[in-house]
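What follows is a set of notes on a single structure, which appears directly below.
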Amino acid sequence: MFNFLRKFFSFGFSKDGLSHWIWQRISALLMILIFVVIVFSFQKLPIAFTKDFNSWIKTPINLILFIIFFLVVVHHSTLGMLNIFEDYVQSKKRKKIISTLLKMISFLLIFISVISAWNIYSKIV
Amino acid sequence: MGFNSKKNQIMKNKNRPLSPHLQIYKPQITSILSISHRFTGVILYLSTFLVSLWLFCTAFNSNLKIILNNFLFSHLGQVVLFFISLSFTYHLLNGLRHIIWDFGYGFNIKNVYLTGFVIIFLTLTINIYIWFF
Chain A
743 MFNFLRKFFS FGFSKDGLSH WIWQRISALL MILIFVVIVF SFQKLPIAFT KDFNSWIKTP
803 INLILFIIFF LVVVHHSTLG MLNIFEDYVQ SKKRKKIIST LLKMISFLLI FISVISAWNI
863 YSKIV
Chain B
42 MGFNSKKNQI MKNKNRPLSP HLQIYKPQIT SILSISHRFT GVILYLSTFL VSLWLFCTAF
102 NSNLKIILNN FLFSHLGQVV LFFISLSFTY HLLNGLRHII WDFGYGFNIK NVYLTGFVII
162 FLTLTINIYI WFF
């Protein structure tokens, strides 16, 4: 049981295939759910996207929703990319380097996006 | 003999055969849709860079934001956005198909073909509606 939990809370990044598979599905379902909520909340706004995004994200619940959505998107896509490298890169050493790089890039993407979203939220217009 | 088998073992571990042999696999609707799912996934991962850049520009650099917006509204930018939305729609619909498979439904070949064609039709219809109406 403890072993299962340890694998589960690696969020799919351990070498265990089942944990990877489960988290890929969990993140996919979460993404669909949040995407539907975002689409419905966006429909309340007029059409000019750039301007309206700034006003949309100024609501705390939308900011939280957006950050969670972005986190889940990057998590899902990082797992997917790792899967592709697992299948197409032969050398174990190269695979390790690429997967470490990929995780770093994904972390950077999340960091930049969250900081930027927070900045837009806290900006006084 | 012993040396050779040891060497073979090492060779086996280092150059193990990789699963999707794309060059020799016969193109069929099933294989094409499967590789398209991966390909659109890669496009979507790359497009998160664009989203991140757009957010960064919106938050910190208004000049860069104007340049980026001008690019996105240019013909090339619109083509890029079109392919991103095409990839997004396809990946979303095919992902739903995968989840239905995970629950154990739709595995027979007739249903696999049928849902495959439905997904292609829906992807095209949704994108034509978004971009041209």
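Respectively, the protein sequence lines represent chains A and B.
Everything in the first sequence is counted per the numbering used here, starting at 743 for the first residue and increasing by one.
Everything in the second sequence is counted per the numbering used here, starting at 42 for the first residue and increasing by one.
Note that beta-carbon positions come from the ideal geometry of N, C-alpha and C, so glycine has one too.
It should be emphasised that the depicted structure is a prediction, and the values quoted were computed from it without experimental measurement.
#1: Out of curiosity, what's the CA-to-CA distance linking tyrosine 66 of chain B and leucine 843 of chain A?
#2: Report the rounded CA-to-CA distance for serine 819 of chain A versus phenylalanine 90 of chain B, giving the unit in angstroms.
#3: Among the candidates B:Lys106, B:Gln64, B:Phe129, B:Leu113, whose CA atom is the shortest distance from the CA of phenylalanine 777 of chain A?
#4: What distance in whole Å lies between the Cβ atoms of asparagine 168 of chain B and serine 195 of chain B, which are believed to be in contact at a cut-off of 8 Å?
#5: In terms of residues, what are the limits of the alpha helix (DSSP H) holding methionine 846 of chain A?
#6: Would you please verify whether the beta carbon of isoleucine 65 of chain B is less than 9 Å from any beta carbon of chain A?
#7: Is it right to say methionine 773 of chain A is buried, meaning 16 or more other beta carbons lie within 10 angstroms of its own, or is it exposed?
#8: Can you have a look at valine 120 of chain B and say buried or exposed, based on whether 16 or more other CB atoms are within 10 angstroms of its CB?
#9: Does DSSP put tyrosine 66 of chain B in a helix, in a strand, or in coil?
#10: If you reduce the DSSP assignment to three classes, tell me which class lysine 106 of chain B lands in.
#11: Leaving out five residues on either side along the sequence, give the residues of the same chain with a beta carbon under 6 Å from the beta carbon of cysteine 98 of chain B.
#12: Counting C-beta neighbours from all protein chains within 10 Å, is the total for glycine 145 of chain B 16 or more, i.e. buried, or is it exposed?
#13: Aspartate 758 of chain A to asparagine 102 of chain B, Cα distance in whole Å?
#14: Would lysine 834 of chain A pass as a contact of phenylalanine 755 of chain A if the rule is Cβ separation under 9 Å?
#15: Distance check for isoleucine 768 of chain A and threonine 156 of chain B, CA to CA, integer angstroms please.
Looking at the atomic coordinates:
#1: Using only the alpha carbons, I get a separation of about 30 Å.
#2: Rounded to the nearest angstrom, the gap between the Cα atoms of serine 819 of chain A and phenylalanine 90 of chain B is 12 Å.
#3: For the set B:Lys106, B:Gln64, B:Phe129, B:Leu113, the Cα lying nearest the Cα of phenylalanine 777 of chain A is the one of B:Phe129.
#4: Given a span of 42 to 174 for chain B in the structure shown, any question on residue 195 of chain B remains unanswerable.
#5: Note, methionine 846 of chain A: alpha helix (DSSP H), 834-864.
#6: Under the Cβ criterion of 9 Å, isoleucine 65 of chain B is not counted among the residues facing chain A.
#7: Methionine 773 of chain A is classed as buried because its beta carbon has at least 16 other beta carbons within 10 Å across all chains shown.
#8: By the neighbour-count definition (other C-beta atoms within 10 Å, threshold 16), valine 120 of chain B is an exposed residue.
#9: Here DSSP, grouped into helix, strand and coil, assigns tyrosine 66 of chain B to coil.
#10: In the displayed model, lysine 106 of chain B falls within a helix according to three-state DSSP.
#11: Excluding sequence positions up to five before and after cysteine 98 of chain B, its CB lies within less than 6 Å of the CB of Leu105, Lys106, Leu109, all in the same chain and listed in chain order.
#12: Exposed, because fewer than 16 other Cβ atoms sit within 10 Å of the Cβ of glycine 145 of chain B.
#13: If you take the alpha carbons of aspartate 758 of chain A and asparagine 102 of chain B, they lie about 42 Å apart.
#14: With respect to the 9 Å criterion, lysine 834 of chain A and phenylalanine 755 of chain A are not classified as neighbours on the basis of their beta carbons.
#15: Whole-angstrom Cα-Cα distance: 22 Å.
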